[in-house]
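Note that the sequence shown ends on residue 1343 in the numbering used here; no numbers are left out. To keep things clear, I will list the structure first and then write my remarks on it.
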Amino acid sequence: MKHYFKHNNGYINIDEENLYLTKTGNWQEVRDIKERIRASSQEKETSKIKKLFYWCLAIVEVVFLIYIITIDYKYLITNILFIFIMNFVIYIFHKRDFGKQAIIPLNQIEAIEPYKNGLKISFKDVTNKPDFEILKGVEEKGIEFLMNLEF
């Protein structure tokens, strides 16, 4: 039994033993994923670096816009539109980077419940502490399958 379902920031892969949160849905990616522990310091650091990158990008864009304004107002709207489109493309390109990767053993799952426009999965992590994951935008067939999953 192998199933996979899409959600807003990646995929949910399921086999006989585990539920995997992946960025691409590729079963080859599953080999490199570790069991879920609360966010490690390395994950937090990576997240900070990504946020810093996007803030630097925004600052560069504002400086570029100010430079264009000082040169000529004629292309102001075109440049604002260009910057907006560029940000949108960068967001779409990096959207998978916002997804989480984890292994959740099926025998550690305590509950799967509907939550707003997705699911809330309650489970025990590697250290046997209660944890949960909220997945938004899960496909309808995925919600139905996961709600009927025996764990």
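We put the CB at the ideal spot given by N, CA and C, even for glycine. Quick caveat: nothing in here was measured; it's all calculated off a predicted structure.
Discussion item. Whole angstroms are fine: how far does the CA of T1262 sit from the CA of K1328?
Written reply: 43 Å
Worksheet entry | Beta-carbon spacing of I1225, T1214 below 8 Å | In this structure, T1214 lies closer than 8 Å to I1225 by Cβ.
Item to complete: Using three-state DSSP, classify F1324 as helix, strand or coil.
Response: Secondary structure of F1324 (DSSP, three-state): strand.
Fill in: Stretch pair the segment 1301 to 1312 + the segment 1329 to 1342: three plus CB contacts closer than 8 Å
yes
Worksheet entry | Candidates K1312, K1242 and E1209, of which the one nearest V1330 by Cα | K1312
Fill in: Residue environment, I1296, which counts as buried when at least 16 other CB atoms sit within 10 Å
buried
Item to complete: Would you list the residues sitting across from E1305 in a DSSP beta bridge?
Response: K1312
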